[in-house]
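Participant:
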Amino acid sequence: MEKTKICSDSEAITRIIRFRKSIYADSYTGESLPDEVLKEILINATWAPTHKMTEPWRFIVLSGSQLSKYGDFMADYYKHLYEDIPDAQKKAAKYNYLKEYPLNAACMIGVILSKSRSVDIPEWEELAAVSCAVQNMAISATSYNLGSYWATGGSAVEYVRTFGLEDHEQSLGLFFIGYPDSPALSVTKRRTSIDKKVSWFI
Numbered sequence: 001m002e003k004t005k006i007c008s009d010s011e012a013i014t015r016i017i018r019f020r021k022s023i024y025a026d027s028y029t030g031e032s033l034p035d036e037v038l039k040e041i042l043i044n045a046t047w048a049p050t051h052k053m054t055e056p057w058r059f060i061v062l063s064g065s066q067l068s069k070y071g072d073f074m075a076d077y078y079k080h081l082y083e084d085i086p087d088a089q090k091k092a093a094k095y096n097y098l099k100e101y102p103l104n105a106a107c108m109i110g111v112i113l114s115k116s117r118s119v120d121i122p123e124w125e126e127l128a129a130v131s132c133a134v135q136n137m138a139i140s141a142t143s144y145n146l147g148s149y150w151a152t153g154g155s156a157v158e159y160v161r162t163f164g165l166e167d168h169e170q171s172l173g174l175f176f177i178g179y180p181d182s183p184a185l186s187v188t189k190r191r192t193s194i195d196k197k198v199s200w201f202i
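This is the structure we're talking about:
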């Protein structure tokens, strides 16, 4: 075995990373997700790097009726943003869009920072670890041809809080997973060349 490789799938891993993209819930088909696939995605999340092995993450899987409950919550949370729309039909359309937005997701995963109470390390390191865990979920979802994205807006953060967090815990929003419509899989965004982002010193 080559010393520079731990497996023979380097090209596949590179492709998955570079073709990963945020795919939003209104582009999902509503197809259900097998439990074994979801468990693999969650297990991969827990293999993220974590300083001093604090493993500062906790997840809440939300599916079924929770999708419509979150739709109601989100529509009510953002209601103030469109109360002044004079056209009643447009106002109703906006409200209904938010209510129905999560319904085609296979599930949502509440992302929680659970800061260590026994090891004193900077909070940013704990946040970085949870972010790495979410990235593991995103890459894993892509490997299963699933769409995913991390929602960190006010309604997502607040909804996770409704499930009761400990004093040392912080809501970091919702991670959506679902089977996407084919057009949503197209990757059009490009990244800046590393020549503009990387400095080399020898």
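Numbering (full-length UniProt numbering), first residue to last: 1 to 202.
Here a beta-carbon is modelled for each residue, glycine too, at the ideal position from N, C-alpha and C.
Going by other Cβ atoms of all chains shown within 10 Å of its Cβ, with 16 needed for buried, is Thr142 buried or exposed?
Facilitator: Counting Cβ neighbours within 10 Å, Thr142 comes out buried, since at least 16 surround it.
Participant: For the stretch 29-112, list the alpha helix (DSSP H) runs that are entirely contained and at least 4 residues long, ordered along the chain.
Facilitator: Counting whole runs of 4 or more residues, the stretch 29-112 contains the alpha helix (DSSP H) stretches 35-45, 65-77 and 88-100.
Participant: Just to confirm, is the Cβ distance from Ala45 to Tyr101 under 8 Å?
Facilitator: The answer is no: Cβ separation not under 8 Å.
Participant: Find the nearest neighbour of Phe176 within the set Thr50, Asn136, Cys107 and Gln89, judged by alpha-carbon distance.
Facilitator: Cα-wise, what sits closest to Phe176 is Cys107.
Participant: Compare the C-alpha of Lys130 against each of Phe59, Met74 and Ser155 and name the closest.
Facilitator: The sequence given here has Val at residue 130, not Lys. The candidate whose alpha carbon is nearest that of Val130 is Phe59.
Participant: By the DSSP assignment, the beta strand (DSSP E) with Trp150 in it spans what residues?
Facilitator: Here the beta strand (DSSP E) through Trp150 covers Gly147 to Ala151.
Participant: For Ala93, which residues from the same chain have a beta carbon less than 8 Å from its beta carbon, with the 5 sequence-adjacent residues on both sides left out?
Facilitator: Answer for Ala93: no residue qualifies.
Participant: Just verifying my parser: in three-state terms, what is the DSSP assignment at Phe175?
Facilitator: Correct three-state label for Phe175: strand.
Participant: Got a sec? Which residues, its chain only, sit under 7 Å from Met1 by beta carbon, not counting five neighbours each side?
Facilitator: Note that Met1 scores a pLDDT of 42, beneath 50, so its modelled location is shaky and nothing firm can be said.
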